[in-house]
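Protein chains in written order, with the numbering used here: chain A, 213 to 542; chain B, 42 to 341; chain C, 10 to 318.
The beta carbon of each residue, even a glycine, is placed where N, CA and C say it ideally should be.
Working notes for the structure below.
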Amino acid sequence: MGDSGTVVLSVKNLQTSFPSRNGKARAVDGVSFDVGRGETLGIVGESGCGKSVTALSIIRLVGEPGRVEGGEILYGGRDLLELPLGEMRRIRGNKIAMIFQEPMTSLNPVLTVGAQISEALRLHEGLGKREAMARTREMLAMVNFPAPEKRAKEYPHQLSGGMRQRVMIAMALCCTPDVLICDEPTTALDVTIQAQIISLIEEQKSRTGAAVLMITHDLGLISEMADRVIVMYAGKIVEEGTKMNVLTNPLHPYTEGLLNAVPRIDRDSGTLDVIPGMVPNLACLPEGCAFRPRCSRASEACLMSPPRFETLGSDSSFHGVNCWLAESAS
Amino acid sequence: MAPVDKDSAGLFGPDGLAVESRGFFADSVLRLCANRLVILAAVVLAILAALALFAPFISPYDPMKQTLADSLHGPGAKHLLGTDELGRDILSRIIYGARISLSVGLVSQLIACSIGVLLGAIAGFYGGFADTLISRTMEIFAAFPELLFAIAIMFVLGPGVINVFIALGLLSWTHYARLVRGQVMLLREMEYAQACRVCGGSNARVIIRHLLPNCFSTIIVLVTLGIPGAILTEASLSYIGLGVQPPMASWGQMISTAQQYVSFYPYYSVAPGLAIVITVLAFNIFGDGLRDALDPRLRR
Amino acid sequence: MIVYILKRLLQTIFVLWGASLVTFILMNVLPGDPVRLMLEKRATPQAVERIRHEMGLDKPKITQYLDFVKNALKLDLGRSYFTREPVMTALSRRFGVTLRLASSAYAIALVLGISIGVLSALQRGRALDSAVRGVAVLGISAPVFWVAIILQMVFGLRLGWFPISGIRSAGSFVLPAAALGLRHMASISRVTRTSMLEVISQDYIRTARAKGLAENAVILKHALKNALIPIITLAGTELGDLLTGSMLTEWVFAIPGIGKLMVDSILMRDLPMLQGTVLYVAVVFVLSNLAVDISYAFIDPRIRYAKSD
Numbered sequence: 213m214g215d216s217g218t219v220v221l222s223v224k225n226l227q228t229s230f231p232s233r234n235g236k237a238r239a240v241d242g243v244s245f246d247v248g249r250g251e252t253l254g255i256v257g258e259s260g261c262g263k264s265v266t267a268l269s270i271i272r273l274v275g276e277p278g279r280v281e282g283g284e285i286l287y288g289g290r291d292l293l294e295l296p297l298g299e300m301r302r303i304r305g306n307k308i309a310m311i312f313q314e315p316m317t318s319l320n321p322v323l324t325v326g327a328q329i330s331e332a333l334r335l336h337e338g339l340g341k342r343e344a345m346a347r348t349r350e351m352l353a354m355v356n357f358p359a360p361e362k363r364a365k366e367y368p369h370q371l372s373g374g375m376r377q378r379v380m381i382a383m384a385l386c387c388t389p390d391v392l393i394c395d396e397p398t399t400a401l402d403v404t405i406q407a408q409i410i411s412l413i414e415e416q417k418s419r420t421g422a423a424v425l426m427i428t429h430d431l432g433l434i435s436e437m438a439d440r441v442i443v444m445y446a447g448k449i450v451e452e453g454t455k456m457n458v459l460t461n462p463l464h465p466y467t468e469g470l471l472n473a474v475p476r477i478d479r480d481s482g483t484l485d486v487i488p489g490m491v492p493n494l495a496c497l498p499e500g501c502a503f504r505p506r507c508s509r510a511s512e513a514c515l516m517s518p519p520r521f522e523t524l525g526s527d528s529s530f531h532g533v534n535c536w537l538a539e540s541a542s
Numbered sequence: 042m043a044p045v046d047k048d049s050a051g052l053f054g055p056d057g058l059a060v061e062s063r064g065f066f067a068d069s070v071l072r073l074c075a076n077r078l079v080i081l082a083a084v085v086l087a088i089l090a091a092l093a094l095f096a097p098f099i100s101p102y103d104p105m106k107q108t109l110a111d112s113l114h115g116p117g118a119k120h121l122l123g124t125d126e127l128g129r130d131i132l133s134r135i136i137y138g139a140r141i142s143l144s145v146g147l148v149s150q151l152i153a154c155s156i157g158v159l160l161g162a163i164a165g166f167y168g169g170f171a172d173t174l175i176s177r178t179m180e181i182f183a184a185f186p187e188l189l190f191a192i193a194i195m196f197v198l199g200p201g202v203i204n205v206f207i208a209l210g211l212l213s214w215t216h217y218a219r220l221v222r223g224q225v226m227l228l229r230e231m232e233y234a235q236a237c238r239v240c241g242g243s244n245a246r247v248i249i250r251h252l253l254p255n256c257f258s259t260i261i262v263l264v265t266l267g268i269p270g271a272i273l274t275e276a277s278l279s280y281i282g283l284g285v286q287p288p289m290a291s292w293g294q295m296i297s298t299a300q301q302y303v304s305f306y307p308y309y310s311v312a313p314g315l316a317i318v319i320t321v322l323a324f325n326i327f328g329d330g331l332r333d334a335l336d337p338r339l340r341r
Numbered sequence: 010m011i012v013y014i015l016k017r018l019l020q021t022i023f024v025l026w027g028a029s030l031v032t033f034i035l036m037n038v039l040p041g042d043p044v045r046l047m048l049e050k051r052a053t054p055q056a057v058e059r060i061r062h063e064m065g066l067d068k069p070k071i072t073q074y075l076d077f078v079k080n081a082l083k084l085d086l087g088r089s090y091f092t093r094e095p096v097m098t099a100l101s102r103r104f105g106v107t108l109r110l111a112s113s114a115y116a117i118a119l120v121l122g123i124s125i126g127v128l129s130a131l132q133r134g135r136a137l138d139s140a141v142r143g144v145a146v147l148g149i150s151a152p153v154f155w156v157a158i159i160l161q162m163v164f165g166l167r168l169g170w171f172p173i174s175g176i177r178s179a180g181s182f183v184l185p186a187a188a189l190g191l192r193h194m195a196s197i198s199r200v201t202r203t204s205m206l207e208v209i210s211q212d213y214i215r216t217a218r219a220k221g222l223a224e225n226a227v228i229l230k231h232a233l234k235n236a237l238i239p240i241i242t243l244a245g246t247e248l249g250d251l252l253t254g255s256m257l258t259e260w261v262f263a264i265p266g267i268g269k270l271m272v273d274s275i276l277m278r279d280l281p282m283l284q285g286t287v288l289y290v291a292v293v294f295v296l297s298n299l300a301v302d303i304s305y306a307f308i309d310p311r312i313r314y315a316k317s318d
């Protein structure tokens, strides 16, 4: 567990929503967290829980018609949501970089990978064409690209999925960002390649000391990489804490459900537990606790009003939960 | 785990919005009606069809009746759109012209569609030599700009409405053949077609029962969007004197005649041209709307 | 890439052969005696026979076709029935005029069409977008020759800004090029808009923005190059329409180009001239499509490096 150093990025009460036929869908509803230098914060949840929208809100790239409606994103003493677009662009790809889920579609098919990496260098570091290409080759070598000289001139379709994700990593890291946001960086890859990509991200993190925001639905990845974990459901944080606390002593029934759905070698039960039902429609959430319809332990109280966020544990072993059950237990 | 509360779980579309389950047809009609412009186009087309069908009852004069004393009169109370060089009522001629344009559009596309679907299905289903032969033929047809080809055929066949049907039918079958060939090739390997063959269905049965219904909506869209092209080509042919012959009223041919009087009698050229624009525009808008409603994949 | 180009060349040769065959069949084999078409009903049987012999139409069809191809390869397309001028000479004399008209119209269509389409896509759903889409669908719905007449009426006769016929000055080309270009501008802007909308929703555009690129660079460098691929396909087929569309435009504006030659030969029933012109236009069309396909390879690396499959 890395000690969380100085806070680099601080998200406060973030609100992002999408208009829809049935009213406003609050994809991110009041999410707050900090990430420190050299720290890895994991954000987990099912598809549609708002974790990717959170990431895109941070770099202000939520796709139309979505809108960040409230909250603050503090970086370097300034609120990113208040910055003029030009200054925001100077931060994107430079101070805060992002790795996307789909290496197959996230690279431009008509530009060489070298051109796509050196573009960021020329933009943010003001390098000339040649210097940028030289740095690009260094970056490619750093992400274990064989024959970087030759491969820099290749196009994305000539590379495998794992290779393309390495290009994405090289592109994200070339300007040594303070914050690296990884949105499901390994989901689209083979298992063996996944391991390589993870160790590559780890390696680069310890080299540059960047804060890493690891967004995933893969609890295995979280247990391997994260220092702290946030569990999201229906746009809200339902549980938050150190990796140890959340993974070994889950307080929210949803976290418990997620953990039970992970196959484990040390349990010989033939079937996996699943969480019944589906992620609710964000435009018309159930009353009370959003998880209530799928919760096995729901009671009258859960129907009445949404639960409040309760914090337990000390600063060094923080644990918080958003559930009526935990409240009545304490 | 616990029983699911089905009411609140619900079903969600890919966009995360709740979708009610509706029939395919009802769903398409709903989507079509969502666009007011498309409705307007449909109304215009309905009016045009009524004009064409009931031309003898609607048109104020006999389109052939010449009154030389009244020639080249401007628009007025007696003749709403004026008269032509032979004193015939322009409005009546335009109403009768709708018959030519609409029937040329419809019939030529039906001919093209029949040829294209047949050849396309054969090429896609049997592959091999049949496919090579048909595909090469399509390539050669594609080597001729459409109007050039129509002109060449009309030159040989001679002018006349029937020949325009044939020429335009021969012209655009490749669009249908290409579509059906591709769809059939794609669907041929799909499980339900395989299953039908396993159960002993003949090839013709597989094509007719399973493959063509899958292409149906796309073909409807192609027909709707093919009609305006055919109407424009007919107008061009008639304009250069290869299409519908006088004294029959055709919009293209009216413009051709009107052109001689353009310097002192401009209305004459404007009216039939507007008739073409309105008709073709209505078909284009309606076809685009239909395409978006029936088959979002076709969106270009 | 070499393999790709060679394959396309081979295919082009095949299509050219097919074009010659179709032209020949249309003009010589289909029912309807071409000589009768030319001479109409007045001609005596003797005169018909004499001309059939002169034109080699009394030989077997196969021999006629082989002669036609052999001569065409030697760039000999026969002589005009009326003026006795070799068809090839007439064509090459008029080619320059048509080329001038078509290329100015094409330039108008491409430059305006692409820029309007891009703007419209970027302004999606706003007033400019609706206006552009409205004008575009209007543009593809109006017959070229009618637009030509209207332009003649307004800018030539009423306002007197440009000449309405002939090619005496550079200004003579303004109205014909506008009439011809408008329609193609409309369809190119439509395709550009859709293609652009599709491209800007792609993941790699988000990547480019996440890199911190300014919107101009995202659009011009990352989006447009991808969006060009379907535009080029259309531009290829548009070229054929442009050549035939120029036929009608030339006729309206009395411009002595290939199109007018063709319409004239139809009206005068000059079979050899028409046959030569049809073949000629088909060849130009096929070759321009070849050029388009080769230019793909320069824009889309997926084609450039594709294995020959």
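Here the stretch 154–167 of chain B lies against the stretch 218–231 of chain B, with 3 or more beta-carbon pairs under 8 Å apart. The alpha-carbon of R334(A) is positioned some 28 Å away from that of Q408(A). At the C-beta level, I181(B) and G285(C) stay beyond 9 Å of one another. With the rule of 3 Cβ pairs closer than 8 Å, the stretch 104–123 of chain C counts as touching the stretch 195–210 of chain C. Where K448(A) is concerned, the enclosing beta strand (DSSP E) starts and stops at 448–454.
Per DSSP, reduced to three states, the secondary structure at C535(A) is coil, with no helix or strand assignment. Around the beta carbon of V12(C), fewer than 16 other beta carbons sit within 10 angstroms, so the residue counts as exposed. Contact with chain C is absent for G115(B), since none of that chain's Cβ atoms lies less than 9 Å from the residue's Cβ. The alpha carbon of G282(A) has as its nearest neighbour, out of R272(A), P505(A), S372(A), the alpha carbon of R272(A). The Cβ atoms of F154(C) and S304(B) do not sit closer than 9 Å to each other. Chain B places no beta carbon closer than 9 Å to that of V106(C), leaving this residue out of the contacts. The C-alpha of L537(A) lies about 12 Å from the C-alpha of V450(A).
Between V391(A) and V247(A), the C-beta spacing is below 9 Å. Of all alpha-carbon atoms in A219(C), L288(C), P69(C), the one lying nearest the alpha-carbon of N306(A) is that of A219(C). Where Y137(B) is concerned, the enclosing alpha helix (DSSP H) starts and stops at 131–167. Within chain C, the C-beta atoms nearer than 7 Å to that of M310(A) come from A219, in chain order. When secondary structure is reduced to three states using DSSP, E415(A) falls in the helix class. Within the stretch 314–339 of chain A, contact with chain C at the beta-carbon level (separation under 7 Å) is assigned to E314, T317, S318, L319, N320, P321, V322, E331, A332, L335, H336.
It is roughly 14 Å from the alpha-carbon of L121(B) to the alpha-carbon of D103(B).
Per DSSP, P239(C) is one residue of the alpha helix (DSSP H) stretching across 233–262. The three-state reading of DSSP puts S274(C) in helix, counting H, G and I together. A distance below 6 Å between beta-carbons, with the five flanking residues on each side excluded, links A323(B) to the following residues of its chain, in chain order: A82, V85, L86. By the neighbour-count definition (other C-beta atoms within 10 Å, threshold 16), R342(A) is an exposed residue. Bridge partners of I272(B) according to DSSP: none are assigned.
Between M64(C) and L280(C), the C-beta gap is smaller than 9 Å, which places the two residues in contact. Going by DSSP, T428(A) is part of the beta strand (DSSP E) stretching over 423–428.
The bridge partners DSSP lists for V243(A) are L226(A). A Cβ-Cβ separation of about 25 Å leaves V70(B) out of contact with S150(C) under the 8 Å criterion. Separation of L128(C) and W170(C) (C-alpha to C-alpha, rounded to the nearest whole angstrom) is 30 Å. Assignment of V379(A) by DSSP, reduced to helix, strand and coil, places it in the helix class. In this structure, the beta-carbon distance from A446(A) to P488(A) does not fall below 9 Å. It is roughly 12 Å from the alpha-carbon of P152(C) to the alpha-carbon of V261(C). Comparing alpha carbon positions, the residue from I308(C), P310(C), M282(C), G249(C) closest to E94(C) is M282(C).
Burial is judged here by how many other beta carbons sit within 10 angstroms of a residue's own beta carbon; H336(A) has at least 16 and is buried.
Taking a C-beta cut-off of 8 Å against chain B, the contacting residues of the stretch 141–160 of chain C are V146, L147, I149, S150, A151, P152, V153, F154, W155, I158, I159, listed in chain order. For V355(A), the closest C-alpha among the options A344(A), I413(A), T324(A), S372(A) is that of I413(A).
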